[in-house]
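Trainee: After the C-alpha cells below, expect a handful of questions from me.
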Amino acid sequence: MNIIVCIKQVPETTDVRINPETNTLIREGVKSIINPFDAYAIEEGVRLKERFGGKVTVVTMGPPQADAALREAISLGADEGVLVCDRAFAGSDTWATSYTLSGAIKKIGAFDLIICGKQASDGDTAQVGPGISTHLNIPQVTYVKKVEDASEKSMRVERLMEEGYEVIETPLPALLTVVKEINEPRLPSLKGMMKSKSAKITVWGQKDLNLDPQNIGLCGSPTQVVKIFTPPQRSGGQMLTGEATEIAEKLVSAIKDALL
Amino acid sequence: MDYLLNDEQKMVKELAHKIAEEKIRPVAAKYDVSEEYPWDIMKVIAEAGLFGLFIPEEYGGMCVNVMNLCLATEELSRACGGIAVCYAASALGTFPIVLFGNDEQKKKYLPDLASGKKVAAFGITEPEAGSDASAIKTTAKKVGDHYILNGLKHFITNGGDAETYVVIAMTDKTKGARGASAFIVEKGTPGFTFGKKEDKFGIRASSTRELIFTDCKIPAANLLAREGMGFIVTMRTFDMSRPGVAAQALGIAQGALELAVKYTKERHQFGKSISSFQGIQWMLADMATEVEAARGLVYSTARMVDAGVKDVSKDSAMAKMYASDVAMKVTVDALQLFGGYGYMKDYPIEKYVRDAKITQIYEGTNQIQRGIIALALIREMAK
C-alpha cells in the first residue's frame, strides 16, 4: 500500500502571539513541531505499512526549516520526505495550499491512500485535507478513528461523530483525515533517528510542479485574512467550597444573584 | 557546559530525554508506590532501540558504547532512578556475555537482550558476601556435561523479572577468588527459584529478589570463559558498568536540581520568589557546580572505557563515588529548598533522596571505591 501523509509544521504553543500590523503569527522564539494531529496521521500510515506492506511518503508545504518536520516523520517510520517550498507559495490560503499539495501528490505518482490530521493546531480550519481530495477527485473520509480493514481496492473505516461513529467503506485511492482516538503515536527509534539524519529530502518549487500560476500563493487565494486577534481572556470563575449540600445552596444563590 | 557530543550521542540523549519526559515522569510516582516492574516502560525503551547500546551490531544491537549507555541512563534517571536501574541492570547482566561469551553463547542470548524481548540480571552478592565478594558460598559442581548449582544470591536487581542471569559460583573453593566461575542461567531452569521481593527505601520501581539454587542443573556450555575466571569476569563487567551507576546518580542529581530551580522560582515568600534570596541562590549555585563536576568525571571515564584505556579502575571508582555522593547531597539540598512541601509525598522531591541513597551503596560501596582509589594512588607512587 503506497501511502502519502500530509503534515504541517506549527509553533509549539497554543498561546500564539500575533503581529497586529501584518496579521501574521509571530514565529520567532517559538519552537516548531509537527502539528499534533498529523502525528496520528504519520503513525497510522506507518501502522498500515507494517500491516499491508508498501511505503509511506510524507509531504509538507512550508519554509526550508520544515525539512526538520519531514526528518522527524522519517525517524518515526516514514520512508521518504517531500518538501514543497517556494516563495511563490507564500500567503496561500487553504484552497491554494490544497491545490499546491495536490500538484505535488500528482508528481509523486501512484498512491493508494492519503492521510492527513483532522486539522492544524495553528489555523484550525480542517480544510486542507478535504481540499486535496477535491483537487485530486478522490473520495474523502474525515474524522477517522479506526481503520477496520483494507484490501487492494477498498478500505473500511470508522468515522467519529458527535455521538457514536459511522462505518464507511470507500474505494481506494482515497483520502482520510484522522482524529487522536485512532492510535497512540510511537516515539522515534534510535535507528529511525539515524536514518532520518542522512535521509535525502526531495524539494520541489513552483517550476517542478505543473501548477496554474493563478491558483497559487497569495494571489491564488480566494480568502484573505482581514483581521486576526487574540480573544479577550474570560475572567476567572468562583470556586465554591464546603460540603455538597452547602455548595449546592451557594450555587443556587449565586445563580439567583446573577439572574436578578 | 558543552561536552562536544557527536551526532549519535546527541540522538541518544534526545531520545532518552523524550522517553523520560513523555513516558516515565508521568508514571514515576505510581511505580514508586505500587512497586510493580515497569514492563510498559521497558517496552518503550526496547522499541526505541536503547537496549542495543550495550550489544554489538552482529548480535542485533547497535554497538557497545559506554558513553551512549551513560547518556541514556542519565536522562532516564532524571525522571525516575528506579525505572532507569531496571534498564541499567540489564546492561550489567549482559556485559559478561558480551565480554566473555563465545560466539554460540552470544548468538543464543544477545539478540533477545538487544531487542528488549528479555532483560538480564547479574548475580554475585550473597547474604555474607557483599563487599567481600571472595566469601561467596554458592557452588557449581561439574557432573558430566553439566554443572550443579547450589546456594543463594540476594539483593539481585531485576531478580525474578529477568530471563537471563549471569551468576558467579565457586567451582573450586580451595582456590579462593581464583576458584570462582561465571555461568549463564535461564529463568525456568529446574532448581532455580526466587525468594522474597525486597521492600526497598528507594528505586522501588525496580525489583530486587533472592536467587535460590537447589541442585540446579545447567549445561556445561553455559560456563562463561573458563573455570576460575569468575572474578575476572566480574571485575571487567564492573569496569564497564560502574560509569553507568555513576550516570544514574548524575541523572538523579540533575533531575533534583531542575525541580529545585523550578520550585524556588515559583515559591513566593516575603512578597518575592525565594530564588531571589542570596541564601537560596548560593545553594543552587553549589548544587549546579557539583553536578557539573560529577558529569565531567562520568563522561571522561565513559570515554576512557570506550577508547580502550586498559586500567580504568581508579577513574571508574572516582566517577561512581563522587557522582553518588553528589546525588545524595544535591537531593537532600533540593528537598530543603522545597521546605515543608518537600517532606511530603505529594511532591516529587523526597523520592529523589530515596533513589539517590542506593547509588552510594551498590556496585561497590563508596567506602570500597575510596579503597580502590587510595590503593591505586599508592601503587602509582611506588612506580
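Read top to bottom, the protein sequences are chains A and B. The opening residue of the first sequence carries number 5 in this note's numbering; numbering runs sequentially from there. The opening residue of the second sequence carries number 1285 in this note's numbering; numbering runs sequentially from there. Heads up, the beta-carbon is just placed ideally off N, CA and C, and yes, glycines get one too. All values reported here derive from a predicted model rather than from experimental measurement.
Would you report the Cα separation of residue 1291(B) and residue 58(A), rounded to the nearest angstrom?
Mentor: By one-based count along the second sequence, residue 1291(B) stands at place 7. By one-based count along the first sequence, residue 58(A) stands at place 54. Straight-line Cα distance between these residues: approximately 30 Å.
Trainee: Per DSSP, what kind of secondary structure is residue 1576(B) in: helix, strand or coil?
Mentor: Within the second sequence, residue 1576(B) is the residue found at index 292, counting from 1. It is helical.
Trainee: Going by C-alpha to C-alpha distance, which of 1403(B), 1494(B), 1317(B) and 1358(B) sits closest to residue 1304(B)?
Mentor: For the purposes of this step, residue 1304(B) is taken as the residue at position 20 of the second sequence. Closest option to residue 1304(B), Cα to Cα, is 1358(B).
Trainee: Using a beta-carbon distance below 7 Å, is residue 1330(B) in contact with chain A?
Mentor: Locating residue 1330(B) in the second sequence gives position 46, counting from the first residue. For residue 1330(B), the answer is no, since every Cβ of chain A falls outside 7 Å of its Cβ.
Trainee: Given a threshold of 16 other Cβ atoms within 10 Å of its Cβ, counted over all protein chains shown, does residue 177(A) qualify as buried or as exposed?
Mentor: In the first sequence, the residue the question calls residue 177(A) occupies position 173. Label assigned to residue 177(A): buried.
Trainee: Thinking residue 1589(B) and residue 1596(B) are a contact (beta carbons under 8 Å), I'd like their distance in whole angstroms, please.
Mentor: Your numbering for residue 1589(B) matches position 305 in the second sequence. Your numbering for residue 1596(B) matches position 312 in the second sequence. Contact flag correct, Cβ pair sits at about 6 Å.
Trainee: Going by DSSP, what residue range makes up the alpha helix (DSSP H) through residue 1650(B)?
Mentor: As a position in the second sequence, residue 1650(B) is number 366, starting the count at 1. Segment 1650–1666, the alpha helix (DSSP H) holding residue 1650(B).
Trainee: Please confirm whether residue 117(A) and residue 7(A) have their CB atoms less than 7 Å apart.
Mentor: As a working mapping, residue 117(A) is identified with position 113 in the first sequence. As a working mapping, residue 7(A) is identified with position 3 in the first sequence. Yes.
Trainee: Let me know the beta strand (DSSP E) ranges lying completely inside the region 1418–1463 of chain B, each 3 residues or longer, listed in chain order.
Mentor: Within the region 1418–1463 of chain B, the complete beta strand (DSSP E) runs of at least 3 residues are 1423–1427, 1430–1441 and 1448–1454.
Trainee: Please check if any C-beta of chain A sits within less than 7 Å of the C-beta of residue 1333(B).
Mentor: Counting from one through the second sequence, the residue named residue 1333(B) turns up at place 49. True, the Cβ-Cβ gap to chain A drops below 7 Å.
Trainee: In whole angstroms, give me the CA-to-CA distance for residue 1379(B) and residue 50(A).
Mentor: Numbered from its first residue, the second sequence carries residue 1379(B) at position 95. Numbered from its first residue, the first sequence carries residue 50(A) at position 46. When rounded, the distance between both Cα atoms is 34 Å.
Trainee: Smallest Cα separation from residue 215(A): which of 193(A), 72(A), 60(A) and 102(A)?
Mentor: In the first sequence, the residue the question calls residue 215(A) occupies position 211. Looking at the Cα atoms, 102(A) is the closest of the given residues.
Trainee: Taking all protein chains shown into account, decide if residue 93(A) is buried (16 or more other Cβ within 10 angstroms of its Cβ) or exposed.
Mentor: Your numbering for residue 93(A) matches position 89 in the first sequence. Its Cβ being crowded by 16 or more others within 10 Å, residue 93(A) is buried.
Trainee: List, in chain order, every chain B residue whose beta-carbon is nearer than 7 Å to that of residue 193(A).
Mentor: For the purposes of this step, residue 193(A) is taken as residue 189 along the first sequence, with counting starting at 1. Those are 1331, 1332 and 1333, listed as they occur along chain B.
Trainee: Against residue 198(A), what residues of chain B qualify as contacts under a CB-to-CB distance less than 8 Å, listed in chain order?
Mentor: Start at 1 with the first residue of the first sequence, and residue 198(A) comes out as number 194. In chain order: 1292 and 1295.
Trainee: Please identify, using Cβ separations under 8 Å, the residues of the region 1303–1321 of chain B that lie next to chain A, in order along the chain.
Mentor: Per Cβ criterion, the list reads 1303, 1306 and 1307.
Trainee: In chain order, what residues of the same chain lie with their CB nearer than 8 Å to the CB of residue 170(A), ignoring the 5 residues before and after it?
Mentor: To locate residue 170(A), count along the first sequence from 1; it is residue 166. Excluding residues within five positions, the ones whose Cβ falls inside 8 Å are 162 and 163.
Trainee: Residue 64(A) and residue 220(A) - do their beta-carbons sit closer together than 7 Å?
Mentor: On the first sequence, residue 220(A) is found 216 positions in, with the first residue counted as 1. On the first sequence, residue 64(A) is found 60 positions in, with the first residue counted as 1. Contact flag unset, no.
Trainee: Pull up the DSSP beta-bridge partners for residue 1507(B), would you.
Mentor: In the second sequence, the residue the question calls residue 1507(B) occupies position 223. DSSP output for residue 1507(B) lists 1467(B) as bridge partner(s).
Trainee: Assign residue 120(A) to one of two classes, buried (16 or more other C-beta atoms within 10 Å of its C-beta) or exposed (fewer than that).
Mentor: Residue 120(A) sits at position 116 when you count from the first residue of the first sequence. The residue is buried, with at least 16 neighbouring Cβ atoms inside 10 Å.
Trainee: What residues in its chain sit with their C-beta under 7 Å from that of residue 1617(B), if we drop five residues either side in the sequence?
Mentor: By one-based count along the second sequence, residue 1617(B) stands at place 333. The residues are 1567 and 1571.
Trainee: Taking only three categories from DSSP, how would you classify residue 1493(B)?
Mentor: On the second sequence, position 209 is the one that residue 1493(B) refers to. Residue state, collapsed to three classes: strand.
Trainee: At the 7 Å Cβ level, is residue 1299(B) part of the contact set with chain D, yes or no?
Mentor: Note that chain D does not occur in the displayed structure, where the protein chains are A and B.
Trainee: Smallest Cα separation from residue 13(A): which of 29(A), 133(A), 74(A) and 44(A)?
Mentor: Here residue 13(A) corresponds to residue number 9 of the first sequence, with the count starting at 1. With distances taken between Cα atoms, residue 13(A) lies closest to 74(A).
Trainee: Could you give the first and the last residue of the continuous alpha helix (DSSP H) run that contains residue 1302(B)?
Mentor: For the purposes of this step, residue 1302(B) is taken as the residue at position 18 of the second sequence. Residues 1291–1303.
Trainee: Check each residue of the region 49–66 of chain A: if its Cβ is closer than 7 Å to any Cβ of chain B, include it; give the result in chain order.
Mentor: Within the region 49–66 of chain A, no residue has a Cβ that lies closer than 7 Å to any Cβ of chain B.
Trainee: Considering only DSSP beta bridges, list what residue 1556(B) is partnered with.
Mentor: Counting from 1 along the second sequence, the entry for residue 1556(B) is found at position 272. BP columns for residue 1556(B) point to 1553(B).
Trainee: Going along chain A, which residues have a C-beta under 9 Å from residue 1336(B)?
Mentor: Taking the first residue of the second sequence as position 1, residue 1336(B) is located at position 52. Within 9 Å Cβ-Cβ: 194 and 195.
Trainee: Where DSSP assigns a beta bridge to residue 153(A), which residues make up the other side?
Mentor: Looking up residue 153(A) in the first sequence gives position 149. In the DSSP output, where bridge partners are listed per residue, residue 153(A) has 160(A).
Trainee: Could you name the residues of the region 75–109 of chain A whose beta carbon sits closer than 7 Å to any beta carbon of chain B, in the order they occur along the chain?
Mentor: For the region 75–109 of chain A, which is checked against every Cβ of chain B, not one residue is closer than 7 Å.
Trainee: Could you tell me which chain A residues have their CB closer than 7 Å to the CB of residue 1665(B), listed as they occur along the chain?
Mentor: Within the second sequence, the letter at position 381 stands for residue 1665(B). What residue 1665(B) touches in chain A: nothing, since even the nearest Cβ is about 44 Å away.
Trainee: Between the alpha carbons of residue 199(A) and residue 1536(B), how many angstroms are there, rounded?
Mentor: The residue you call residue 199(A) lines up with position 195 of the first sequence. The residue you call residue 1536(B) lines up with position 252 of the second sequence. Cα to Cα, the separation comes out at about 31 Å.
Trainee: Alpha carbon to alpha carbon, how far is residue 1515(B) from residue 84(A)? Give it in angstroms, no decimals.
Mentor: Counted from its first residue, the first sequence places residue 84(A) at position 80. Counted from its first residue, the second sequence places residue 1515(B) at position 231. One C-alpha to the other measures close to 50 Å.
Trainee: Quick check: the Cα distance between residue 131(A) and residue 66(A), rounded to an integer number of angstroms?
Mentor: What you label residue 131(A) is simply residue 127 of the first sequence in a count that begins at 1. What you label residue 66(A) is simply residue 62 of the first sequence in a count that begins at 1. Computed Cα separation, rounded: 17 Å.
Trainee: In whole angstroms, what is the alpha-carbon distance linking residue 27(A) and residue 1551(B)?
Mentor: In the first sequence, counting from the first residue as 1, residue 27(A) sits at position 23. In the second sequence, counting from the first residue as 1, residue 1551(B) sits at position 267. Near 37 Å, if we compare the C-alpha coordinates of residue 1551(B) and residue 27(A).
Trainee: Can you find at least 3 beta carbon pairs, one from the region 1482–1501 of chain B and one from the region 1426–1440 of chain B, that sit closer than 8 Å?
Mentor: Yes, the region 1482–1501 of chain B touches the region 1426–1440 of chain B.
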